[in-house]
Structures are given as C-alpha cells and as structure tokens.
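S.K.: Take a look at the following structure, please.
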Amino acid sequence: SPTKLEGFHTQISKYFSERGDAVTKAAKQPHVGDYRQLVHELDEAEYRDIQLMVMEIRNAYAILYDIILKNFEKLKKPRRETKGMIY
C-alpha cells in the first residue's frame, strides 16, 4: 500500500539524516569513540529494518503471484461478454 511505501521512505530518509549528523560529529571529534559507535549502531539498526522491509515486499509479491497463478486462465481468456459482469 502507498502508506507502507511512504513509511519506508520516511524511515530511510530519517536514517540518512541521523547518520549524517553522527558522521559529522565523528569527523569533527575523532577522539570521541561514542560518535563512531553511534554510526555503527545506526547502521546495524537500519540493516535490520531494511531486512524487515524486504520481507514485507517479498510477502506482497508472493501474494500477488498466488493471485495471478490462481486466476491465470481467466487472465489468458477473459470474458468477452459484458452481460455476466456484476459492475
């Protein structure tokens, strides 16, 4: 759904913004290991989030594939008459 896609986009944008801030701080103060650790933790968290996104996308495609497979004959030979249609 568009809402999920927007959520994915928002999450990724937020990650890049937060990571950019952390990298800037780490570059300005290289002696502070906490900033480098923060970048590492942000990367690990985003990796897990992206794995979940990919699984959701995979599941959506699996559902779509199942629907297409179950209706393949109807897709190959659609009804030619409009009488039988409910709409």
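Residue numbers for the sequence shown follow the UniProt record's numbering, beginning at 1 and rising by one. Idealized CB from N, CA, C, for every residue including glycine.
Are the beta-carbon atoms of Leu52 and Glu18 separated by less than 8 Å?
M.R.: In this structure, Glu18 does not lie closer than 8 Å to Leu52 by Cβ.
S.K.: Let me know if Tyr65 comes out buried or exposed under the rule of 16 or more other beta-carbons within 10 Å of its beta-carbon.
M.R.: The residue is exposed, with fewer than 16 neighbouring Cβ atoms inside 10 Å.
S.K.: With a 10 Å radius around its C-beta and 16 neighbouring C-beta atoms as the bar for buried, classify Tyr35 as buried or exposed.
M.R.: Classification for Tyr35: buried.
S.K.: So what does DSSP say about His9, is it helix, strand or coil?
M.R.: Of the three classes helix, strand and coil, the one that applies to His9 here is helix, per DSSP.
S.K.: Determine whether the beta carbon atoms of Val39 and Ala22 lie at a separation below 8 Å.
M.R.: Yes; because the gap between Cβ atoms is below 8 Å, this pair is in contact.
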